[in-house]
Amino acid sequence: MSAVELVGLRKSYADVTVLDDFSLRANQGELVTLLGPSGCGKTTTLRCIAGLERAERGEIRIGERLVACPERRVFLPANRRDIGMVFQSYALWPHMTVFANVAYPLRVRRRDRRERQREVMEILAMVDMDTYAQRPVTELSGGQQQRVALARAMVARPAVLLFDEPLSNLDAKLRREMRREIRDAHDKSGGTSIYVTHDQEEAIALSDRVVVIRGGKIQQTGTPKEIYTKPATRFVADFIGFENLLTATVTEARDGSTAVKLRSGAGPVWTSKGITRAPGTEVVLAARADDLKIGSPVEAPPAAIPAVIRSRTYAGGRVEYVAEVGGTPVVVRAPEAEAAGGLLDAGSDAWVLFPDDAAVLVDDDAERPPQPAGPAVEPVAVREAT
Amino acid sequence: MAAATTDLRAPAGRREIPGARRRASPGLILLCLLSLGLFVWPVVMLAYGAFRTAPPGFGHASWSASGFTATLSSGAVWVAFAHSLILSGSTVVIATALAVYLAWTVARTATPLRQIVTPMAVLIFAIPPLFYALSWAMLGEQPVGLVDKALHAMFGVAPLNIQSWFGMIGVSVLGATAAEYLLLLGPFLALDPSFEEASLVCGASRLRSFFQIELPALAPSVLGVMILGFVLGMGLLTVPLLLGEPAGIYVLPTAIYRDYQAVTPPDYAGASTLALLLVAMVLILVAVQTRLLGRRSFTTVTGKSSRRERLDIGPWKWLGTAVIVIYGLLALVLPLGQFVLGSLESYFGVYSHLSLNNYSTVLHAPGTSQAFETTLLVAVVAGFGASALGVWVALAAQRSTSRLRRLPDLSVWVLWAVPGITLSLGLIWAYLSVPGLRSLYATQWIVLLALIVGTTPIASRAVTGPIGQISRDLEEAARTAGASGLRATTGILLRLILPAFVVSWFITGIVSSGNLDIPILLASPNNQTVPLLAYNQFNDGSLAQAAATFCLLIGIVAAALVLAVVIRFALRLRAAGRTPVLPALRPPGHVPGLPGRSR
Numbered sequence: 001m002s003a004v005e006l007v008g009l010r011k012s013y014a015d016v017t018v019l020d021d022f023s024l025r026a027n028q029g030e031l032v033t034l035l036g037p038s039g040c041g042k043t044t045t046l047r048c049i050a051g052l053e054r055a056e057r058g059e060i061r062i063g064e065r066l067v068a069c070p071e072r073r074v075f076l077p078a079n080r081r082d083i084g085m086v087f088q089s090y091a092l093w094p095h096m097t098v099f100a101n102v103a104y105p106l107r108v109r110r111r112d113r114r115e116r117q118r119e120v121m122e123i124l125a126m127v128d129m130d131t132y133a134q135r136p137v138t139e140l141s142g143g144q145q146q147r148v149a150l151a152r153a154m155v156a157r158p159a160v161l162l163f164d165e166p167l168s169n170l171d172a173k174l175r176r177e178m179r180r181e182i183r184d185a186h187d188k189s190g191g192t193s194i195y196v197t198h199d200q201e202e203a204i205a206l207s208d209r210v211v212v213i214r215g216g217k218i219q220q221t222g223t224p225k226e227i228y229t230k231p232a233t234r235f236v237a238d239f240i241g242f243e244n245l246l247t248a249t250v251t252e253a254r255d256g257s258t259a260v261k262l263r264s265g266a267g268p269v270w271t272s273k274g275i276t277r278a279p280g281t282e283v284v285l286a287a288r289a290d291d292l293k294i295g296s297p298v299e300a301p302p303a304a305i306p307a308v309i310r311s312r313t314y315a316g317g318r319v320e321y322v323a324e325v326g327g328t329p330v331v332v333r334a335p336e337a338e339a340a341g342g343l344l345d346a347g348s349d350a351w352v353l354f355p356d357d358a359a360v361l362v363d364d365d366a367e368r369p370p371q372p373a374g375p376a377v378e379p380v381a382v383r384e385a386t
Numbered sequence: 001m002a003a004a005t006t007d008l009r010a011p012a013g014r015r016e017i018p019g020a021r022r023r024a025s026p027g028l029i030l031l032c033l034l035s036l037g038l039f040v041w042p043v044v045m046l047a048y049g050a051f052r053t054a055p056p057g058f059g060h061a062s063w064s065a066s067g068f069t070a071t072l073s074s075g076a077v078w079v080a081f082a083h084s085l086i087l088s089g090s091t092v093v094i095a096t097a098l099a100v101y102l103a104w105t106v107a108r109t110a111t112p113l114r115q116i117v118t119p120m121a122v123l124i125f126a127i128p129p130l131f132y133a134l135s136w137a138m139l140g141e142q143p144v145g146l147v148d149k150a151l152h153a154m155f156g157v158a159p160l161n162i163q164s165w166f167g168m169i170g171v172s173v174l175g176a177t178a179a180e181y182l183l184l185l186g187p188f189l190a191l192d193p194s195f196e197e198a199s200l201v202c203g204a205s206r207l208r209s210f211f212q213i214e215l216p217a218l219a220p221s222v223l224g225v226m227i228l229g230f231v232l233g234m235g236l237l238t239v240p241l242l243l244g245e246p247a248g249i250y251v252l253p254t255a256i257y258r259d260y261q262a263v264t265p266p267d268y269a270g271a272s273t274l275a276l277l278l279v280a281m282v283l284i285l286v287a288v289q290t291r292l293l294g295r296r297s298f299t300t301v302t303g304k305s306s307r308r309e310r311l312d313i314g315p316w317k318w319l320g321t322a323v324i325v326i327y328g329l330l331a332l333v334l335p336l337g338q339f340v341l342g343s344l345e346s347y348f349g350v351y352s353h354l355s356l357n358n359y360s361t362v363l364h365a366p367g368t369s370q371a372f373e374t375t376l377l378v379a380v381v382a383g384f385g386a387s388a389l390g391v392w393v394a395l396a397a398q399r400s401t402s403r404l405r406r407l408p409d410l411s412v413w414v415l416w417a418v419p420g421i422t423l424s425l426g427l428i429w430a431y432l433s434v435p436g437l438r439s440l441y442a443t444q445w446i447v448l449l450a451l452i453v454g455t456t457p458i459a460s461r462a463v464t465g466p467i468g469q470i471s472r473d474l475e476e477a478a479r480t481a482g483a484s485g486l487r488a489t490t491g492i493l494l495r496l497i498l499p500a501f502v503v504s505w506f507i508t509g510i511v512s513s514g515n516l517d518i519p520i521l522l523a524s525p526n527n528q529t530v531p532l533l534a535y536n537q538f539n540d541g542s543l544a545q546a547a548a549t550f551c552l553l554i555g556i557v558a559a560a561l562v563l564a565v566v567i568r569f570a571l572r573l574r575a576a577g578r579t580p581v582l583p584a585l586r587p588p589g590h591v592p593g594l595p596g597r598s599r
C-alpha cells in the first residue's frame, strides 16, 4: 500500500514562507492534482514528496514509511523513496538513447539484462515509442520526449508517480492527447499519483481529486465535479473559471435555498448551491457566463434584472455579451441560435436572468493579494547556445 | 572566455535561406582578403619555411627537403616531441580533474569559500604564465627559495627540485586549472539541474548521478576544454624554458626556440619542421574530437530550468574548502608573496636589508619606461584590434548570406593549430617575405600586428556566443520602426555587442600584455615588452630586478582589474536604477563578476 500523507509541512526560502502547516493525503490508487497559480507552493510540495527539497517541519509518509520528518531527523533521499517523476523540462539525458534513458531506473535497481530489455520495450510499446528505442533523445519532438519521460518514470513500477506540470510545454491539441495517456498510464500502474498543474481544465479532466492551493494553503479539496460546480471561496471560483463574481447581500433563507440581492439592489437571485448565511451577510455570487440568460426588454421574465449591453463578441457558436448591471459588468454567453429577437447591439437595453441554482454563493476572500500584472508565467531560464 | 565556447571544431553552418542573396558585399570581400593575409598566410609560410634553405626574404634560398628530413631523423626531436606529449598530457589530465571538481563545487554545492574561486581564477588567468614560471623558479630555488627554505625547516632536507618534470607539470597545472575552470563553469551552470534530480528519482545515488549523468552530459564541454588545454600545453614555451631547460628537458617549443635563437646560424628549416610537427599533432586532435563527438552538442537540450537548491554534501564540503585554500595558496599567495618579497631583497635570497632599491634601479634603467610604454600600447591596441576583428568575423559568419561568409571564421580557426611560438615563427616568415612589411621587422608595430593576429582567436570565441544570442528580430524591429540599415546596425546591433566587445578587449589586452612567445622572437632590444624585459633580467641573474619589474606589471594589471570591476558595478547600479529587476526573476546560478559569461 502506498498512500502519500503530508502532515504539518513547513518550507521557506530565505524569508519567504512557501508552505505553512500543509497537510494532505492521497490514497492508494488515487490521482490527486495540486492546482494553483504560479508560486503557490504546489511544485515545492511535490519536490518535498520526491525528496528533492527538505521541509523544515512536518511529516511525509509514503505507504507505511516515514520518509521525512525534520523533528525526528528522518530524511530519506530521493533515490531511496521508490518514486517515479516526470519533470516539466522532461529532463531526458541528452547523452543517452531513448532506450538507455528508460532503462536507467532498472539499471540502478540491478535488474538483469534480459528482464531490463523486456520491461523497457514493454513500457515503450505502451507509450507508442518502441520504434524509437535506439534514437538519441535530442532528435525527438516535444510530445515524443514527453512519452519517453513518462515511460522512464513508470518503468520500475514505483509506488508513487509524481508529475511536475508535464504538459505545460506542449501545444493545446497535444496536451489533450497526452492528458488521456497520462490518465491511462496511471490506471494501468495502479499506484498513487500526484500531479501538479496551473491549468484548471487539465486538473478537472484528469484527477480523482483536486486540491486547490493558494499562498501555501489549501483552499479547497474535492472531486473535479465538486470543484467545478461548487467552489468554496471567491479565489477558487475565479481560478476555476467563473467569469462573474458579484458582491451580494443575503436577504432571505428557506428550505436550503438562499436569496441574495446585488449591490445595485437588483434581485432577488435564488440558489441552493454553496454556503448558507444569515440574512444581512455579505457574500459573493459566482456564476458562469454560460449559465446566465440574456434577452431584449420586450419579453423579460419576471425575475429578470435590467441591464445595458456594453459589448458583443462572437465566440464560436455562442455570442458573448458584456452587460452592465447596476454599474457592474456581467458576462453572459448565449447560444447563437437562441438569441431571442435577434442579436443585441452595444448600447441597447436588455435583461439578464440568474436562473434558480445557476449561481453559487461563496465567501469573499479574507485578504486579496495584489494580482501580478499580466499572465502568471514562471520565469524561463535563458537557453545557453553553443 | 565566453561560457561553453571551448569547442575546437568549426561551428556548424547556418541554415541556408532559399532564394537569399548570395553575392558577397565589398566589405565581406575585404574581410576575406584580410583574414587570408593575417591568419592563413603565416601558417602557409611555416610549411614553406621547412623546405627552404634560407628564411624567406633573404634571397639565395632554394627548395630543399634536407632540413626537413635531417630534423625528423634526429633522435633528439622525437625525444622533445615525446616530452611535449608527456608534459601537456599529464598537465591536462590533472588540471581537468581539478577544474571539473572546482566547477562542480562552485556550481552545485554549498561549500564554504566557493565564492572566492571565480575571482581567484580570473586573477590567476590574468597573470601571465611567465610570471608563474619565474616565481616558482624563485620559490624552489635551492637553497634560498621560500618553499625550499620552508621544506628545509620542516624536514631538514628539501626533496623538491623545481627545475624538473615535477616542477614543470606542477606549475603548468596551476595555471591551466584556472583557465579550464573558467571555461567549464558556464556549462556546469547551464546544465539543467533536473538531469540530476531525474537520476536521483530513478533511484541512483548522488555519486552515481554525477558520474553517469552529469559528467557524460557535460562530456562535449569537458572534452573540448581538454583538447584546447592540450593544444595550448603543446605550445607552452615559458614554463619549460625556465623550469625544464636548466634540467636538460627539452620540449618542442623550447627546441624551436633554440633552433631559432640559440644556434648560429639559426636553423630555419629545422624550427619550421618542429613547428609543423606541432601543427600535425593539433590537427589530429581536432580530428579525434570531431570523430568522438560528431556534431552533437548536448547543452542545447536544457528545457525550463527550475530553481536550484545547492547540495549539502555534509562533511565532504570541507574537502572542497581545503582544495580551494591549497590551490589559492599555491597558485596565488605563494607566487605573489615570493615576488613581492623577492623584489624587496637587495640580492635574491638575502632576506635582510629589504628595500625599494630594486624598484628605483628598474625604474631608472633606460629600457624600463620604454618597455612599459610598449606593453601598454600593444595591450590596448592589440586587444582592440583583435576584438574588432573578432566582431567583424562573427558578424560576417552569422549575418551575411554569401557563400564566402564562413571563410574569415575558418581562417581564424586555422590559428588554433599553431599554438604559441609556432605562430611567432610563422609570422616572422610571413612578414619577412612581404617587401613592405619587412621594413617593420624589429619594430614595435610588428609585435603589435603579431599580437593582434595571435589573440584574435580568443576574441572571436569571446564575442561569437553573445553575438549569436542577439536575435535578428531586434534589428528587424528597428527597421520596421523606421530606422535605416546603418542606424539599425549601429544603434541596435553594435550597441548590444558592446558589452561582449569590452570583455573581449579586456581579456585580449591582458593576454597580450603578458605574452612572451611573440616578443621573444619578434621584438628587438630597443622595443622589448615587459615580459621580455623580465625574462632577460632573469636570464642575466638579476632575479630581484625581474621580480620588481613583474610586480610593477602585476600592479598595473590588478589596477585594471579593479577598475573593470568598479565600472561593471557602477554600470549595473545605473541599470538597476533605470529598470528595477525583481531578484527572483534573475536567471538562476548567475555568478557576478565573471567576465565573459555570456548571458
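Here the protein sequences come in this chain order: A and B.
Per the working numbering, the very first residue in the first sequence carries number 1; after that it's consecutive.
Per the working numbering, the very first residue in the second sequence carries number 1; after that it's consecutive.
All C-beta atoms, glycine included, are put in the ideal place defined by N, C-alpha and C.
Remember, it's a predicted structure, so these values are computed and weren't measured experimentally.
Quiz prompt | Within-8 Å CB hit, Leu9(A) to chain B | solution = no
Exercise. Within 10 angstroms of the Cβ of Thr69(B), are there 16 or more other Cβ atoms? Answer buried if so, exposed if not.
Key: exposed
Quiz item: According to DSSP, is Gln537(B) helix, strand or coil?
Solution: helix
Quiz item: Do Arg209(A) and Thr197(A) have their C-beta atoms within less than 8 Å of each other?
Solution: no
Self-check item: N- and C-terminal bounds of the beta strand (DSSP E) containing Asp20(A)
Solution: Val16 to Ala26
Practice problem: Please state whether DSSP places Arg234(A) in a helix, a strand or coil. | Solution: helix
Quiz prompt | Leu344(A) vs Ser296(A) beta-carbon contact at 8 Å | solution = yes
Quiz item: Who are the near neighbours of Val148(A) in its chain, counting only those whose CB is closer than 7 Å to its CB and skipping five residues on each side?
Solution: Leu92, Val98, Asn101, Val102, Met129, Val137 and Leu140
Quiz item: Is Asn79(A) close to chain B, meaning its C-beta is less than 8 Å from at least one C-beta of that chain?
Solution: yes
Quiz item: With distances taken from CA atoms, which of Ser89(A), Glu53(A) and Ile83(A) is nearest Phe75(A)?
Solution: Glu53(A)
Practice problem: Could you tell me which residues DSSP pairs with Thr192(A) in its beta bridges? | Solution: Val160(A)
Quiz item: Is there at least one Cβ from chain A nearer than 8 Å to Pro605(B)'s Cβ?
Solution: What is shown of chain B runs 1 to 599, which leaves residue 605(B) out entirely.
Practice problem: At 7 Å on the CB atoms, spell out the chain A contacts of Leu236(B), in chain order. | Solution: Going along chain A, no residue has its Cβ under 7 Å from Leu236(B), so there is no contact; the nearest lies around 27 Å.
Practice problem: Please check if any C-beta of chain A sits within less than 8 Å of the C-beta of Glu197(B). | Solution: yes
Quiz prompt | Interface residues of chain B facing Tyr132(A) [CB-CB closer than 8 Å] | solution = Chain B residues near Tyr132(A): none, gap ~16 Å exceeds 8 Å.
Quiz item: CA-CA distance, Leu496(B) and Ile204(A)?
Solution: 46 Å
Quiz item: So what does Asp349(A) bridge to, in DSSP terms?
Solution: Val308(A)
Practice problem: Provide the residue(s) that pair with Tyr13(A) in DSSP beta bridges, ordered along the chain. | Solution: Val16(A)
Practice problem: Using a threshold of 8 Å, state whether the C-beta atoms of Thr17(A) and Val211(A) are closer than that. | Solution: no
Practice problem: Alpha carbon to alpha carbon, how far is Arg403(B) from Leu533(B)? Give it in angstroms, no decimals. | Solution: 46 Å
Quiz prompt | Proximity of Gly49(B) and Tyr268(B) at Cβ, strictly below 8 Å | solution = yes
Exercise. Just tell me which of Ser135(B), Ala176(B) and Val92(B) has its CA closest to the CA of Ile554(B).
Key: Ser135(B)
Quiz item: For the segment 96-121 of chain A, which residues have a CB atom closer than 7 Å to at least one CB atom of chain B, in sequence order?
Solution: Tyr104, Pro105, Val108 and Arg109
Quiz prompt | Cβ of Phe163(A) within 8 Å of any chain B Cβ | solution = no
Quiz item: According to the Cβ coordinates, are Leu311(B) and Thr109(B) closer than 8 Å?
Solution: yes
Quiz item: Name the DSSP beta bridge partners of Asp517(B), please?
Solution: Bridge partners of Asp517(B): none, in fact.
Quiz prompt | Proximity below 8 Å, CB of Arg57(A) to CB of Pro77(A) | solution = no
Exercise. Spell out the partners DSSP gives Met85(A) in its beta bridges.
Key: Leu162(A)
Quiz prompt | Residue range of the alpha helix (DSSP H) that includes Pro42(B) | solution = Trp41 to Ala50
Quiz item: DSSP state of Phe75(A), grouped into three classes?
Solution: strand
Quiz item: Based on the DSSP secondary-structure assignment, which residues constitute the bridge partners of Thr271(A)?
Solution: Thr258(A)
Quiz prompt | Collapsed DSSP secondary structure at Leu6(A) in the structure displayed | solution = strand
Exercise. Going by CA-CA distance only, name the one from Gly327(A), Gly316(A) and Pro301(A) that's closest to Ala307(A).
Key: Gly327(A)
Self-check item: Inter-stretch contact at 8 Å, needing at least 3 Cβ pairs: the segment 167-176 of chain B / the segment 201-217 of chain B
Solution: no
Exercise. Kindly indicate which three-state DSSP category Asn244(A) falls into: helix, strand or coil?
Key: strand
Practice problem: Locate the alpha helix (DSSP H) running through Ala70(B), then write down its first and last residues. | Solution: Ser66 to Leu72
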